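For reference, the structure discussed in these notes is given below.
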Amino acid sequence: MDTVIDAHDVSKIYNRETIPVYAVNNVHLHIEKGEFTALVGPSGSGKTTLLNLIGGLDKPDNGNVFINDLDITKLSANELIDFRLKNIGFVFQSFNLIPVLTAKENVEFIMLLQGVKKSIRDARVKQLFRQIEMDDKVDIRPAQLSGGQQQRVAVARALASKPKFVLADEPTANLDSKSASNLLDIMAKLNKEEHITFLFSTHDQRVIERARRVITLVDGRIVSDTAAVSTKHEKVDV
Amino acid sequence: MILIMAWRNIWRNKMRSIIIISSIAIGLFAGISVLALYKGMMKSRIHNVIDSEVGHLQIHNINFKKDYDPQFILANGAEVLKVVNKIPEVKLAASRSITMGMLATPTGSAGVQINGIIPGLEYQLSQLQKKIIKGNPFDPAKENEIMVGQKLARKMKLKLRSKLVLTFTDTSGTMVSSAFRVAAIYQSDNAPLDEKNVYVNIDELNVLLGIQNSFHEIVILLKNDTDLAKAKQELQQKFSGYQIESWKEISPETDLLVKTVDQYSYIIMFIIMFALAFGIVNTMLMAILERTREIGMMVALGMNRLKIFLLIFLETIFLTLGGTPLGIFIGWVTTAYFNKHGLNLSGMGREMMSSFGFGTMIYPEFPTDKISGVLLIVIGTALISCLFPAIKALKLQPVEALRR
Chain D
432 MDTVIDAHDV
442 SKIYNRETIP
452 VYAVNNVHLH
462 IEKGEFTALV
472 GPSGSGKTTL
482 LNLIGGLDKP
492 DNGNVFINDL
502 DITKLSANEL
512 IDFRLKNIGF
522 VFQSFNLIPV
532 LTAKENVEFI
542 MLLQGVKKSI
552 RDARVKQLFR
562 QIEMDDKVDI
572 RPAQLSGGQQ
582 QRVAVARALA
592 SKPKFVLADE
602 PTANLDSKSA
612 SNLLDIMAKL
622 NKEEHITFLF
632 STHDQRVIER
642 ARRVITLVDG
652 RIVSDTAAVS
662 TKHEKVDV
Chain X
8 MILIMAWRNI
18 WRNKMRSIII
28 ISSIAIGLFA
38 GISVLALYKG
48 MMKSRIHNVI
58 DSEVGHLQIH
68 NINFKKDYDP
78 QFILANGAEV
88 LKVVNKIPEV
98 KLAASRSITM
108 GMLATPTGSA
118 GVQINGIIPG
128 LEYQLSQLQK
138 KIIKGNPFDP
148 AKENEIMVGQ
158 KLARKMKLKL
168 RSKLVLTFTD
178 TSGTMVSSAF
188 RVAAIYQSDN
198 APLDEKNVYV
208 NIDELNVLLG
218 IQNSFHEIVI
228 LLKNDTDLAK
238 AKQELQQKFS
248 GYQIESWKEI
258 SPETDLLVKT
268 VDQYSYIIMF
278 IIMFALAFGI
288 VNTMLMAILE
298 RTREIGMMVA
308 LGMNRLKIFL
318 LIFLETIFLT
328 LGGTPLGIFI
338 GWVTTAYFNK
348 HGLNLSGMGR
358 EMMSSFGFGT
368 MIYPEFPTDK
378 ISGVLLIVIG
388 TALISCLFPA
398 IKALKLQPVE
408 ALRR
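Protein chains in written order, with the numbering used here: chain D, 432 to 669; chain X, 8 to 411.
Structure follows, in structure tokens:
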């Protein structure tokens, strides 16, 4: 299998000058292409911080993050923006769609930034809206969509440009159980159909049950990993 | 897409955007009104100078204006006048005899420029008849009549039919005095000139000066202002030994005033837009603060800093240019109205206005020639106004912005 994400001894420390707090503490993480992985743990365990480090939204104080063998911790802020655009799809906790754009325009947004041709964009948007079962909502603005629908559009946006992997930070946190289940079905379907790697943080039991691999974080450290696969890096306890 | 986002973003808070667009429209309207008023005033001033004071062109003996010595008459003046009248661009030409002298009354005396005129021609050329506020034009049946300006009349306590004595030197240098009676008191739009100039019949002055049918000055009115350079060049070619001057050389202060006011009008426009820039900056800062999380999310998704800057710049441009057509339109309508009906500034005092050489009725003119400059100032204002909010947005770290 191809390695997509490879985190080496990654740490993120807050309040270094006063009382240091390890948000992420010497984490080794290895994610292969096509995985559908949940990062779980209690609040404050470092799930979002780890996702931010993997997504190039933040820089670690120690360690390196390799995406497809490229060390993104060495990239400048501008290079990181470009890297994220071309390689990573994001789904945020509180939907974060652009309110002035319609659902279709939101999904097109990344492809437009990438300079993808209109014909290709249109075809991809049509395909994604069919996959998220929202063909009839393409021209509606986010404010007129339900939370679940908004999050499905956010997932479609994350997948629009066929990124190397999708990072989803608590994607079901603001959804009712039906919407959450629906969203998980869609994410699982897209993972299967598009072979896109999903790494999502959650403490939602329904999400954990659907994940094929579950990594548990406590106090910034990985305390368990259901994958139980050995990697060339540190093997964690299951 | 960025264009669409920018346009839709400015309408997210309709009231705020409408207020800023309206204030830009009002500011532009005010600026254009000032420009139009200045243009009208300057045009009126130039036409006062040309039509009521010095004409488009003047011809003198080359030595005359050094000391206004009456011996320096215009050689072959009658012939020159004939040729001048044949030039197609010339509407009207009139001769004047001029000398400097002393006006004396029982209560005092004042230095004046004594202008000997051919009444019929002068009434057409400098509108002298129309400026009379008391008395009547020269009566051919009466001798030694004089017209004095209101300011001089007040200063010297002169009334209609008052007697005064003019003293000056003739061409031989002999002192000559003669008594005149005030036939009329005139008031032009240039009080300093009213105080200095008196008008008498050219024949009577010529007798006293001893220059018979000669004269010192030919004043020329052209059919069109635009013919000035051409007519001057033609005269210079025909009369190379004479001093030929345009109104810009005779009244350099007017030319300077026009140029200075041109610059002032841009400064006023700049000040108005500078004040408005604070409103725009405030609005844009509010918009950025409200959208911190959204901007952070866009950067997280991969929207680069140039596109973020472009988005904010376009929003500022839309806000600024949104009010521009409205401001220009209101300015144009208002100017057109007052251009037709005139703007009466007599409330500011005729004396005050005339002391600067302006009439009280101004006809503002839409400053078409300055609109491109105004638009440049507006776009410049938008560009400068967007810088601070844009820098603020560009400094946002996506991870911090997303936490908000």
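Glycine included, every Cβ here is placed at the ideal spot set by N, Cα and C.
Note that the structure is a prediction, hence the values are computed from the model and not measured.
Listed in chain order, the non-local C-beta contacts of G303 of chain X below 6 angstroms within the same chain comprise L403, P405, A408, L409, local neighbours out to five positions each way being set aside. Closer than 9 angstroms to the CB of P396 of chain X there is not a single CB belonging to chain D. Around the C-beta of W18 of chain X, fewer than 16 other C-beta atoms lie within 10 Å, and the residue is accordingly described as exposed.
Contact residues of the region 489-500 of chain D toward chain X are D489 (C-beta to C-beta distance below 7 angstroms).
C-alpha of P259 of chain X to C-alpha of S51 of chain X: approximately 16 angstroms in a straight line. Note that the region 225-239 of chain X touches the region 96-104 of chain X; at least 3 beta-carbon pairs, one per stretch, sit closer than 8 angstroms. Straight-line spacing of the CA atoms in L216 of chain X and T375 of chain X works out to 51 angstroms. Along the region 311-328 of chain X, the positions whose C-beta sits under 8 angstroms from a C-beta of chain D are N311, R312, K314, read in chain order. Going by C-alpha positions, I80 of chain X is about 25 angstroms away from Q134 of chain X. Counting only runs that start and end inside the region 477-557 of chain D, the alpha helix (DSSP H) elements of at least 4 residues fall at 478-485, 508-518, 534-545. N143 of chain X counts as exposed, since fewer than 16 other beta carbons sit within 10 angstroms of its beta carbon.
Of the candidates D:P473, D:T468, D:A438, D:A438 places its Cα closest to the Cα of V458 of chain D. Under the three-state reduction of DSSP output, T233 of chain X falls in the helix class. Under the three-pair Cβ rule at 8 angstroms, the region 100-110 of chain X counts as touching the region 175-190 of chain X.
Within the same chain, and ignoring the five residues on either side of F345 of chain X in sequence, the residues whose Cβ sits closer than 6 angstroms to its Cβ are P371. Using a C-beta cut-off of 8 angstroms, the region 56-71 of chain X makes contact with the region 194-206 of chain X, since at least three inter-stretch Cβ pairs fall below that distance. Contact of A294 of chain X with chain D by beta-carbon distance below 8 angstroms is absent, the smallest such distance being about 12 angstroms. About 7 angstroms separates the beta carbon of N527 of chain D from that of A585 of chain D, a gap short enough to meet the 8 angstroms contact definition. DSSP places V441 of chain D inside the beta strand (DSSP E), whose first and last residues are 434-445. Any Cβ of chain D closer than 9 angstroms to the Cβ of A307 of chain X would place that residue at the interface, and such an atom is present. Non-local beta-carbon contacts of D492 of chain D in its own chain, meaning distances under 7 angstroms to residues more than five positions away in sequence, involve S442, K443, I444 in chain order.
According to the DSSP assignment, E625 of chain D belongs to the alpha helix (DSSP H) that extends over 608-625. A straight line joining the alpha-carbon of K141 of chain X with that of A191 of chain X spans about 6 angstroms. For the region 538-556 of chain D, residues whose beta-carbon sits nearer than 9 angstroms to a beta-carbon of chain X comprise E539, F540, I541, L543, L544, Q545. For K141 of chain X, the beta-bridge partners assigned by DSSP are X:I192.
Restricting attention to alpha helix (DSSP H) runs no shorter than 4 residues, the region 296-383 of chain X encloses them at 299-308, 312-348, 357-362, ordered along the chain.
Neighbours of E301 of chain X in chain D, taken as residues whose beta carbon is under 8 angstroms from its own, are N527, I529, P530 in chain order.
Of all residues in the region 253-274 of chain X, none is placed with a Cβ closer than 8 angstroms to any Cβ belonging to chain D. Apart from sequence neighbours up to five positions away, the residues of its chain that approach F540 of chain D with a beta-carbon distance below 7 angstroms are I529, L532, R588, ordered along the chain. Straight through space, the alpha carbons of L488 of chain D and I503 of chain D are spaced by roughly 10 angstroms. Residues of chain X with a Cβ closer than 9 angstroms to the Cβ of E536 of chain D are, in chain order, M8, I11, M12.
Distance from the CA atom of S221 of chain X to the CA atom of V207 of chain X, rounded to whole angstroms, is 15 angstroms. When the beta-carbon positions are compared, G465 of chain D and I627 of chain D come within less than 9 angstroms of each other.
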